[in-house]
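Asker:
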């Protein structure tokens, strides 16, 4: 004999009073069998089928941007259409509902049946039990599906479907009874205090009743969350609920668990009635790139854009200003802020409840206290099962935060041992709280994290401490001395008053203390080469190199023991970034060695850790980091000017270390134009070079009748750094002695050309060693025209580069 509900389904083709088939969307009129959905009666059903989801809504077609009453889930396999039927009272069906949902006391009135691809795929049954209601789903398809049951856009229950047998089975049935008051949903058995002092009671049969709170002395328990306190209503009734965010996990007000995989900012709590209030969680990675942790909490508290940041180390900032706090509450933009050895607390009074945000650097716990229901609020704490993309706050997230990474599994982790430790929450002394707070969400969060991430930085105690504190926050029921029982330290803020930079986090050091460690993504760019810092920066004749403080600490290197070749030149640590900077310049070279390498003049220095001169060997870390900056030879393009005018001053820059090259002409009389055979003096001068080690050598100078230095018609004045022996008017002075030199010649013009004459010169930089930069020129005789070549080689200009090695 068929079960009554199976029999009912088999009769749907014959007994159905209405039937229709759809392929995309349809509004169904169910006035013959209204459906009560958590206290709200509906006479229409709106069905949507898309390529991704299947929805049944009661107040309009599904729109994820609006707050609706809906059932939302994935498409069933081969789902293309829907038919519906309705049926009157049936004793067998009523008994079935009462058997599976004993909290439903009222009698069955009728059923609306929705067939998804008629008789082939699945069935939704909306069961009208008078003031109460039930929702039933079954399918013969193999697989697993989850449907969110939403009230006002928030998920209040789920239809979890798992089928391993192709025969029709009774897969899931849930109670959709409830009461509504002023748009707020309450589940049966809930008593809340209204703003007028009248208690609202949603009875066991989902009938909304009112009473005088001062006269009602019954004890009621809210069933909307696993973390709600029991209270008597002899005084105005209040409820207390707690949301815990610890590690990568959010345990919301209803005890549901979600895990954050990326490094973005998310909304934890917001209230539509207070549009400028929001609590945000910021997540970051630590030692692994593929596991994120709660890093800080941000509160937006009014319409002026003011932000209150609760950060690691007990740091609290108002925008960018660090606040000084103690155990006495300090009012900041309507928020009461206080700080003690356990962490920082922010209390905010809102219209329907008071909110308390506690943060100890690694765990945040948000407590709501008042007549309001958790369903009033949004964010991960209000409903952690909502799509994370909906709750991600891009304005407070760094670019690329949503990118996910995979690290190699940690072979040192013993998942079985960690699971046993997490299950301690089911044992004494935690059993004192087990009836108040379900420990399973905390156990799930604990095992999911510790089976993937090593139990360092107090992580093996963190989830246990979060559970114990949640118990204390709900009813002041402190789990006495739990830490000594399981080998943890007494509860206190982790890394209190230790400030780490943005690319660091605070963790346990090997010596039993704490220090700032590099975050995995930040350190990753250095790990492939084993580098300890960034490439050298060369600018304005100075060189600097930054080493990363946390990378130095990873290798037990004390930055204060490092110096350049001149031991008085030491690194300076930036207090905010913890970067250590070593620098020198052309005035104070800090022992830098100057070398010539083809077309470059190189200044080399070394960061080193000094050892005793008597030590032949050393078993301590040695540090030798070479870095350098270059001057590059002048470009092959020459500087030029017209002889008629006084001078031209081009500024030639070659890479980060630059200098200025100028050519100026002088005459022995103040003429507006240069006369033929008039003596012309030309000064070639540089600014920005170190004249103690570098000299400027004028290699070639020639004249052309056109601006281009490569003109066919050319006359040489200086060749190979010496006067052209064919022109005895040419004189050269100071060539190769310093950063400037001079030469002179008598003015001329090209035969058969009456235009301007253009002068071009090419110079070289030379490292001064034993006067080797001075050309050895032979004074020309009447019968001999020759010159000895210079003692250095001419090289083509080359591109400057800056490098450092470890």
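Residue numbers (mature numbering (1 follows the signal peptide of the UniProt record, and there is no 0)): -19 to -1, 1 to 787. Glycine residues also receive a C-beta, built at the ideal position from the N, C-alpha and C atoms. Predicted model only: the values in this text are computed from it and were never measured.
1. Using three-state DSSP, classify residue 638 as helix, strand or coil.
2. How long is the line joining the alpha carbons of residue 748 and residue 754, rounded to whole angstroms?
3. With distances taken between CB atoms, is the gap from residue 187 to residue 160 smaller than 8 Å?
4. Who does residue 35 pair with in a DSSP beta bridge?
5. Just checking my contact of residue 677 with residue 744 at CB under 8 Å: how many whole Å lie between their CB atoms?
6. Quickly, what does DSSP pair residue 359 with across the bridge? List them, please.
7. Does DSSP put residue 74 in a helix, a strand or coil?
8. Excluding sequence positions up to five away, which residues of its chain have a Cβ less than 8 Å from the Cβ of residue 695?
9. How do the region 401 to 415 and the region 454 to 469 stand: do at least 3 beta-carbon pairs fall below 8 Å, yes or no?
10. Measure the Cβ-Cβ separation of residue 261 and residue 85 and say whether it is below 8 Å.
11. By how many angstroms is the C-alpha of residue 541 removed from the C-alpha of residue 555?
12. Would you mind stating whether residue 226 and residue 36 have Cβ atoms separated by less than 8 Å?
13. My guess is that residue 280 and residue 310 are in contact by the Cβ rule of under 8 Å, so how many angstroms apart are they, rounded?
14. Does the Cβ of residue 506 have 16 or more other Cβ atoms within 10 Å, making it buried, or fewer, making it exposed?
15. Below 8 Å CB to CB, which residues in the same chain sit around residue 439 once its five sequence neighbours on both sides are set aside?
16. Using only the alpha-carbon positions, how far apart do residue 801 and residue 388 sit?
17. Can you tell me whether DSSP reads residue 256 as helix, strand or coil?
18. Assuming contact is defined by CB atoms lying nearer than 8 Å, are residue 28 and residue 64 in contact in what I supplied?
19. How many angstroms separate the CA atom of residue 54 from the CA atom of residue 532?
20. Answer with buried or exposed for residue 548, where buried requires no fewer than 16 other C-beta atoms within 10 angstroms of its C-beta.
21. Please check the pair residue 511 and residue 527, which I expect to be a contact at CB under 8 Å, by giving their CB distance rounded to whole angstroms.
22. Around the Cβ of residue 107, are there at least 16 other Cβ atoms within 10 angstroms (buried) or fewer (exposed)?
23. If I measure Cβ to Cβ from residue 298 and keep anything under 6 Å in the same chain, skipping five residues before and after, which residues do I get?
24. When DSSP labels each residue in this structure, what does residue 513 get in the three-state scheme?
25. Given the structure, does residue 118 come close to the ligand GDP, in the sense that its CB is under 7 Å from one of the ligand's heavy atoms?
26. Ignoring anything shorter than 4 residues or poking outside the region 695 to 755, list the alpha helix (DSSP H) runs there in chain order.
27. For the structure I just gave you, are there three or more beta carbon pairs, one from the region 494 to 509 and one from the region 570 to 581, closer than 8 Å?
28. How many angstroms separate the CA atom of residue 455 from the CA atom of residue 361?
29. Would you kindly check if the distance between the Cβ of residue 296 and the Cβ of residue 303 is under 8 Å?
30. List, from N- to C-terminal side, the alpha helix (DSSP H) runs of 4 residues or more that fit wholly inside the region 391 to 445.
31. Can you check whether the CB of residue 671 is closer than 8 Å to the CB of residue 520?
32. By the 10 Å Cβ neighbour count, where 16 or more other Cβ atoms means buried, how is residue 407 classified, buried or exposed?
33. On the three-state DSSP scale, how would you describe residue 578?
34. Please report the distance separating the alpha-carbon of residue 249 from that of residue 51.
35. Taking only three categories from DSSP, how would you classify residue 167?
36. Extract the residue ranges of the alpha helix (DSSP H) inside the region 486 to 535, only unbroken runs of 4 or more that lie entirely within it.
Answerer: Answer, in terms of the structure:
1. Taking the first residue of the chain shown as position 1, residue 638 is located at position 657. Here residue 638 sits in coil by DSSP.
2. Against the chain shown, residue 748 aligns to sequence position 767. Against the chain shown, residue 754 aligns to sequence position 773. If I take the Cα positions, the gap works out to 7 Å.
3. Here the question's residue 187 lines up with position 206 in the chain shown. Here the question's residue 160 lines up with position 179 in the chain shown. The answer is yes: Cβ separation under 8 Å.
4. Taking the chain shown and counting its residues from 1, the one referred to as residue 35 is at position 54. DSSP lists 30, 54 as partners of residue 35.
5. Looking up residue 677 in the chain shown gives position 696. Looking up residue 744 in the chain shown gives position 763. At roughly 6 Å, the Cβ-Cβ gap stays under 8 Å, so residue 677 and residue 744 are in contact.
6. For the purposes of this step, residue 359 is taken as residue 378 along the chain shown, with counting starting at 1. For residue 359, which the question treats as bridged, DSSP gives the partners 251.
7. Along the chain shown, one-based indexing puts residue 74 at 93. Under the three-state reduction of DSSP output, residue 74 falls in the helix class.
8. One-based indexing of the chain shown puts residue 695 at position 714. Setting aside the 5 residues that flank it on each side, residue 695 is surrounded in the same chain by 683, 684, 685, each with a C-beta closer than 8 Å to its C-beta; the list follows chain order.
9. The region 454 to 469 and the region 401 to 415 touch, with three or more beta-carbon pairs separated by less than 8 Å.
10. Translated into positions along the chain shown, residue 261 becomes position 280. Translated into positions along the chain shown, residue 85 becomes position 104. Not a contact, by the Cβ cut-off of 8 Å.
11. For the purposes of this step, residue 555 is taken as residue 574 along the chain shown, with counting starting at 1. For the purposes of this step, residue 541 is taken as residue 560 along the chain shown, with counting starting at 1. One alpha carbon belongs to residue 555, the other to residue 541, and they sit about 13 Å apart.
12. The residue labelled residue 226 in the question sits at position 245 within the chain shown. The residue labelled residue 36 in the question sits at position 55 within the chain shown. Not closer than 8 Å, so no.
13. For this step, residue 280 is matched to residue 299 along the chain shown. For this step, residue 310 is matched to residue 329 along the chain shown. The Cβ separation is near 15 Å, so there is no contact.
14. Position 525 of the chain shown, counted from the start, is the residue given in the question as residue 506. By the 16-neighbour rule on beta-carbons within 10 angstroms, residue 506 is exposed.
15. Along the chain shown, one-based indexing puts residue 439 at 458. Non-local C-beta neighbours of residue 439 in its own chain, meaning closer than 8 Å and more than five positions away in sequence, comprise 343, 469, 470, 475, 489, ordered along the chain.
16. The structure shown does not extend to residue 801, since the chain spans only -19 to 787, so no value can be given for it.
17. Stepping through the chain shown from its first residue, residue 256 is reached at position 275. In the structure shown, residue 256 sits in a strand (DSSP, three-state: E or B).
18. Here the question's residue 28 lines up with position 47 in the chain shown. Here the question's residue 64 lines up with position 83 in the chain shown. No, they are not a contact pair.
19. Residue numbering aside, residue 54 sits at position 73 when the chain shown is read from its first letter. Residue numbering aside, residue 532 sits at position 551 when the chain shown is read from its first letter. Going from the Cα of residue 54 to the Cα of residue 532 covers about 48 Å.
20. As a first step, residue 548 must be located in the chain shown, where it is residue number 567. Exposed, by the Cβ-count rule.
21. Here residue 511 refers to the residue found at position 530 when the chain shown is read from its first residue. Here residue 527 refers to the residue found at position 546 when the chain shown is read from its first residue. Not confirmed; about 16 Å, so no contact.
22. For this step, residue 107 is matched to residue 126 along the chain shown. Buried.
23. Here residue 298 refers to the residue found at position 317 when the chain shown is read from its first residue. Around residue 298: 290.
24. Within the chain shown, the letter at position 532 stands for residue 513. Secondary structure of residue 513 (DSSP, three-state): coil.
25. Absent from the structure shown: the ligand GDP. Ligands present: none.
26. Runs of the alpha helix (DSSP H) inside the region 695 to 755: none found.
27. Cβ pair count under 8 Å is below three, so no.
28. Residue 455 sits at position 474 when you count from the first residue of the chain shown. Residue 361 sits at position 380 when you count from the first residue of the chain shown. Going from the Cα of residue 455 to the Cα of residue 361 covers about 19 Å.
29. Translated into positions along the chain shown, residue 303 becomes position 322. Translated into positions along the chain shown, residue 296 becomes position 315. The criterion of a C-beta distance shorter than 8 Å is satisfied by residue 303 and residue 296.
30. Runs of the alpha helix (DSSP H) lying entirely within the region 391 to 445 and spanning at least 4 residues, in chain order: 396 to 403, 412 to 415, 421 to 431.
31. Mapped onto the chain shown, residue 520 falls at position 539. Mapped onto the chain shown, residue 671 falls at position 690. The answer is no: Cβ separation not under 8 Å.
32. Your numbering for residue 407 matches position 426 in the chain shown. Residue burial is scored here from C-beta neighbours: residue 407 has fewer than 16 other C-beta atoms within 10 angstroms and is therefore classed as exposed.
33. As a working note, residue 578 is residue 597 in the chain shown. Residue state, collapsed to three classes: strand.
34. Sequence index remark: in the chain shown, residue 249 carries index 268 (1-based). Sequence index remark: in the chain shown, residue 51 carries index 70 (1-based). In a straight line, the C-alpha of residue 249 is about 23 Å away from that of residue 51.
35. Stepping through the chain shown from its first residue, residue 167 is reached at position 186. Secondary structure at residue 167: strand, using DSSP grouped into helix, strand and coil.
36. You should have 501 to 508, 530 to 535.
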